[in-house]
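2 protein chains.
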Amino acid sequence: MARVFAHVDAHRQAFIDRLLAYVARPSISAHGIGIRKTAEFLFDYLQGLGMEARLLEGAGWPFVYGRYGESPHAPTALLYGHYDVQPPDPLDAWNSPPFEPEIRDGRIWGRGVGDNKGQHLAQLLAIESWLAVTGNLPCNVIVLLEGEEEVGSPHISDCVRDCRALLADVDLVITADGPVHESGRPCINFGPRGIASFELRAVHAQRDFHSGNWGGVAPNPIWTLVHLLATMKDSRGAVTIDGFYDNVAPLSDLERRALDALPVDLPAVMEGAGLARLDEPQERPFFDRLAAWPTFTINGFHGGYGGPGTKTVLPREATVKCDMRLVENQGVDEILDKVEAHVRRYAPEVEVVRQGGMEPSRTPLDSPYTRPLQRAFRAAQGEDPLLVPAMGGSLPDYAWTKILGVHSFTTPYANHDEANHAPNENLEVERFIAGIRTGAAVLAYLGEES
Amino acid sequence: MARVFAHVDAHRQAFIDRLLAYVARPSISAHGIGIRKTAEFLFDYLQGLGMEARLLEGAGWPFVYGRYGESPHAPTALLYGHYDVQPPDPLDAWNSPPFEPEIRDGRIWGRGVGDNKGQHLAQLLAIESWLAVTGNLPCNVIVLLEGEEEVGSPHISDCVRDCRALLADVDLVITADGPVHESGRPCINFGPRGIASFELRAVHAQRDFHSGNWGGVAPNPIWTLVHLLATMKDSRGAVTIDGFYDNVAPLSDLERRALDALPVDLPAVMEGAGLARLDEPQERPFFDRLAAWPTFTINGFHGGYGGPGTKTVLPREATVKCDMRLVENQGVDEILDKVEAHVRRYAPEVEVVRQGGMEPSRTPLDSPYTRPLQRAFRAAQGEDPLLVPAMGGSLPDYAWTKILGVHSFTTPYANHDEANHAPNENLEVERFIAGIRTGAAVLAYLGEES
Chain A
3 MARVFAHVDA
13 HRQAFIDRLL
23 AYVARPSISA
33 HGIGIRKTAE
43 FLFDYLQGLG
53 MEARLLEGAG
63 WPFVYGRYGE
73 SPHAPTALLY
83 GHYDVQPPDP
93 LDAWNSPPFE
103 PEIRDGRIWG
113 RGVGDNKGQH
123 LAQLLAIESW
133 LAVTGNLPCN
143 VIVLLEGEEE
153 VGSPHISDCV
163 RDCRALLADV
173 DLVITADGPV
183 HESGRPCINF
193 GPRGIASFEL
203 RAVHAQRDFH
213 SGNWGGVAPN
223 PIWTLVHLLA
233 TMKDSRGAVT
243 IDGFYDNVAP
253 LSDLERRALD
263 ALPVDLPAVM
273 EGAGLARLDE
283 PQERPFFDRL
293 AAWPTFTING
303 FHGGYGGPGT
313 KTVLPREATV
323 KCDMRLVENQ
333 GVDEILDKVE
343 AHVRRYAPEV
353 EVVRQGGMEP
363 SRTPLDSPYT
373 RPLQRAFRAA
383 QGEDPLLVPA
393 MGGSLPDYAW
403 TKILGVHSFT
413 TPYANHDEAN
423 HAPNENLEVE
433 RFIAGIRTGA
443 AVLAYLGEES
Chain B
3 MARVFAHVDA
13 HRQAFIDRLL
23 AYVARPSISA
33 HGIGIRKTAE
43 FLFDYLQGLG
53 MEARLLEGAG
63 WPFVYGRYGE
73 SPHAPTALLY
83 GHYDVQPPDP
93 LDAWNSPPFE
103 PEIRDGRIWG
113 RGVGDNKGQH
123 LAQLLAIESW
133 LAVTGNLPCN
143 VIVLLEGEEE
153 VGSPHISDCV
163 RDCRALLADV
173 DLVITADGPV
183 HESGRPCINF
193 GPRGIASFEL
203 RAVHAQRDFH
213 SGNWGGVAPN
223 PIWTLVHLLA
233 TMKDSRGAVT
243 IDGFYDNVAP
253 LSDLERRALD
263 ALPVDLPAVM
273 EGAGLARLDE
283 PQERPFFDRL
293 AAWPTFTING
303 FHGGYGGPGT
313 KTVLPREATV
323 KCDMRLVENQ
333 GVDEILDKVE
343 AHVRRYAPEV
353 EVVRQGGMEP
363 SRTPLDSPYT
373 RPLQRAFRAA
383 QGEDPLLVPA
393 MGGSLPDYAW
403 TKILGVHSFT
413 TPYANHDEAN
423 HAPNENLEVE
433 RFIAGIRTGA
443 AVLAYLGEES
């Protein structure tokens, strides 16, 4: 491994240049720009490494697949990433053009450098370095790069099901994505929350009314939704939909201790966001509420007049957009069924429009692959990674844990302030190099501990 | 009076032409168009009738004042109206240009023809007819025409207070405005509801959040407002703000009977508006809920994402716009104070922005002026007017009942489908002529019964 690290150090500038060139290729899935070209570029790259490469075609943009190694004595790690990026707008908020990446202040600036090109390229360069130094890999590797993550990974479950044969011997999945912990420490994430989205729509009449000539007589869809919502979650923060918490998986002792061990500077978090208080229930620990409990967020409520001053209107319709972040073992369909049953009971005139979602996922902290990953971080970065048993956001990890049925880990390489999805996205140069080293060490220890 | 009616009939076409010419003068207070010119035109007209005319100048557009008669033995009737009109847009929804009035299908079409030019012109032509036939009026008359009714009569209470001397002997106020009862029957209205408007604003943070990375941690201003609103009115339609109903004046027996006697074709009303049900409490009689009870209408609720599809945002702020229609003896300040006290108690982080209002007003059905008004309708239109003890909408009647301290009546001359405030506003020709006759008869019977 020392020789591989040395190779990485020797090729430091060449690897940074490779990343700059990769980021310079626009690949915006939301706008359909540059996706296939980038997929073909990756296909050529994987094939050039000696991998058995394929473009997996389906209903959406292709998944780029590459495989190396057939040893029955080594585990097979699937390295997942995505080659599509978020749209760059607003363009005028960027200090340098998003697809003309440059280095300033020890960081590489450009759209997609952190999310996710710099992170999966680090994995690929780790493979390249192993092959350059030893002509082989310490374990079997499958690379799977998606072109639709930034639009919600709508085809990942189909891909995993359709390509089952190609993924038959996968033992674990590793995703290098997202930022490290806010403290700057590296971390290993064991499970994102799921998400279920829906709209509630109330339409009571064919037209808006004069609030004087109809007030008291015509029902008000905003009041209908207010009263319905008030039956769905109480002011103490508890969701009051029948059975909502039924399937919430309790934390294991190990997870409990890991969650409690996560550092958080609450005053700094609150000041940074301008918060005077946290959400209810305020006595619940920070990371419990953020990751171990489901949420019910109203993303938007719109009905009636919203302009300046007053308008004496009694509106005909109103809409509420909601998402629920789900935790292991809640299910998207299960929860949306319960929402619908609740609405049918309390406000049957309100329409529920299901907008789908993503299942939650959780990998046990005592997975046999936890130790090699920890060792890899220590070896590559000189620091123990935090173990994060549950994450607030959502990722398509369920495709691995629930469809493939294997353990899944997220090992972020990006700085906490990578500004993914925002203008001036960036990746610290040293974190990129550390990512290549970490990726190389992961392969080594997985091979060693098998 | 028969000679006056004959005069009206003989000058029928000339009076219609006078209305067409009057409607052709744009006078849009919201846009400041043509207001002073129209005021001067009215001033000249009143002076030409031999009235003691004035333009009452104040902070806003002038009130046009005219007085005729000084008899201490006759009552003094103040005839209120407004010479400003609503903006005509959307222009392309009109079948003929709004300020080029024309007659089709027995109706005069044009902006302001019903609201309120045709109605106060009918009053003025009644005066003109009396003077033409007898050289005098049966009672003392003060005409007061406002140029700001369509922007909420912001200066009417100042005007009434400042010009107290000019109004010292007013005995009653008559407003010819609004449509007749939905059944087509003429009516006399004894009191509009008041109105109090306010906004509720919740701002919890300096920026919007990602609902996954912050959901459960950052408080959601939409949920804050939903839970606050749910404490302010229950799902059965009762306002649950402390003391909200304290001052609601009960109906007198007379008012109770009059309200119960008002005809309503509920299935037709509901079908016309596309309503599947009425507002809560559904068992309360139609006109009670429309006019004898206060309301709490949410005019608008806006916060977070409202576009197509989903957006996983947890918004930083949300706003609710509300109006409350008040009934006698509730007060604007009293009610807004109670709203503020409630919010301070249940959600002190929510800001209440007061937006003012209009006091409610009620004149007793057994006013000494009820009988002459009823007789006038019978004589002029051959039909008994419905007595409407309370109206759903709001008018500045409180200026008469609460500041001047006199009885106030609204005697609409316009057809129920006059489309005031909307495109294709219209007034039935025969209702305009009947309005002149009714105005003339009102003066006669007021003089007679004094």
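Residue numbers (this note's numbering), protein chains in the order written: chain A, 3 to 452; chain B, 3 to 452.
By construction, the Cβ of each residue, glycine as well, lies at the ideal position given by its N, Cα and C atoms.
Since we're looking at a predicted model, the values are computed, not measured.
Here the region 289-307 of chain B makes no contact with the region 233-244 of chain A; the two share fewer than three CB pairs at distances below 8 Å. The Cβ atoms of B/Gly359 and B/Val334 lie closer than 9 Å to each other. Around A/Pro156, the same chain offers Gly62 and Glu150 as residues with beta carbons nearer than 7 Å, after the five sequence neighbours per side are excluded. In the DSSP annotation of this structure, A/Met393 is not part of any beta strand (DSSP E), being labelled neither H nor E. For B/Asp267, the secondary structure class from DSSP, reduced to helix, strand or coil, is coil. Take B/Arg318, set aside five residues on each side of it, and the residues of its chain with a beta-carbon closer than 8 Å to its own are Val205, His206, Ala207, Gln208, Arg209, Asp210, Phe211 and Pro223, in chain order.
Uninterrupted alpha helix (DSSP H) stretches at least 4 residues long and entirely within the region 204-249 of chain A occur at 213-216 and 223-234, given in chain order. Closest in alpha carbon position to B/Asp419, among B/Thr413, B/Arg347 and B/Asn428, is B/Asn428.
Using a Cβ-Cβ cut-off of 9 Å, B/Ser213 counts as an interface residue toward chain A, since at least one Cβ of chain A sits closer than that to its own.
Cβ atoms of A/Phe192 and A/Pro387 stay farther apart than 8 Å, at about 11 Å.
Approximately 6 Å separates the beta-carbon atoms of B/Leu139 and B/Leu445; this is inside 8 Å, confirming the contact. Annotated three-state conformation of A/Thr365 is coil, per DSSP. Taking a 10 Å sphere around the C-beta of B/Arg373, we find fewer than 16 other C-beta atoms and assign the residue as exposed. Among the bridge pairs identified by DSSP, A/Val355 is matched with A/Glu201. Inter-residue distance for B/Pro398 and A/Thr314 is about 15 Å (C-alpha atoms, whole angstroms).
For A/His344, the uninterrupted alpha helix (DSSP H) run begins and ends at Val334 to Tyr348, by DSSP. In summary, the residues of the region 293-307 of chain B whose CB is separated from some CB of chain A by less than 7 Å are Trp295, Thr297, Thr299, Ile300, Asn301, Gly302, Phe303, His304, Gly305, Gly306 and Tyr307, in the order they occur in the chain. Per DSSP, the beta-bridge partners of A/Gly302 are A/Lys323 and B/Gly306. Shortest Cα-Cα distance from B/Gly120 to any of B/Gly449, B/Gly71 and B/Gly441 involves B/Gly441.
Under a criterion of Cβ atoms nearer than 7 Å, the residues of chain B adjacent to A/Arg279 are, in order, Pro221. For B/Val162, the three-state secondary structure derived from DSSP is helix. Rounded to whole angstroms, the separation of the alpha carbons of B/Val87 and B/Ser396 is 17 Å. Judged by beta-carbon spacing, A/Asp160 lies within the 9 Å limit of A/Gly60, meaning their Cβ atoms are closer than that value. Between B/Val408 and A/Val219, the alpha-carbon positions lie close to 30 Å from each other. Among the CB atoms of chain B, none fall inside 9 Å of the CB of A/Gly441. In the three-state reduction of the DSSP assignment, A/Phe192 falls in the coil class. The secondary-structure analysis by DSSP pairs B/Arg109 across a beta bridge with B/Arg106 and B/Glu430. Contact check for B/Leu168 against B/Leu58 passes: the beta carbons are separated by less than 9 Å. Residue environment analysis places A/His33 among the exposed positions, since fewer than 16 neighbouring C-beta atoms fall within 10 angstroms of its C-beta. A distance of 9 Å or more separates the beta carbons of A/Arg113 and A/Pro181. Put simply, the backbone Cα of B/Gly449 is about 6 Å away from that of B/Ala76. Rounded to the nearest angstrom, the gap between the Cα atoms of B/Ala41 and B/Ile438 is 21 Å. Distance from A/Ala275 to A/Met393 at the Cβ level is roughly 18 Å; contact not present, criterion being Cβ atoms closer than 8 Å. Per the C-alpha coordinates, the member of A/Glu430, A/Trp225, A/Glu201 and A/His423 positioned closest to A/Pro90 is A/His423. For the 9 Å CB-CB criterion, A/Gly71 and A/Val143 form a contact.
Distance check between B/Ala134 and each of B/Val345, B/Asp262 and B/Phe7 places B/Phe7 closest, using alpha-carbon atoms only.
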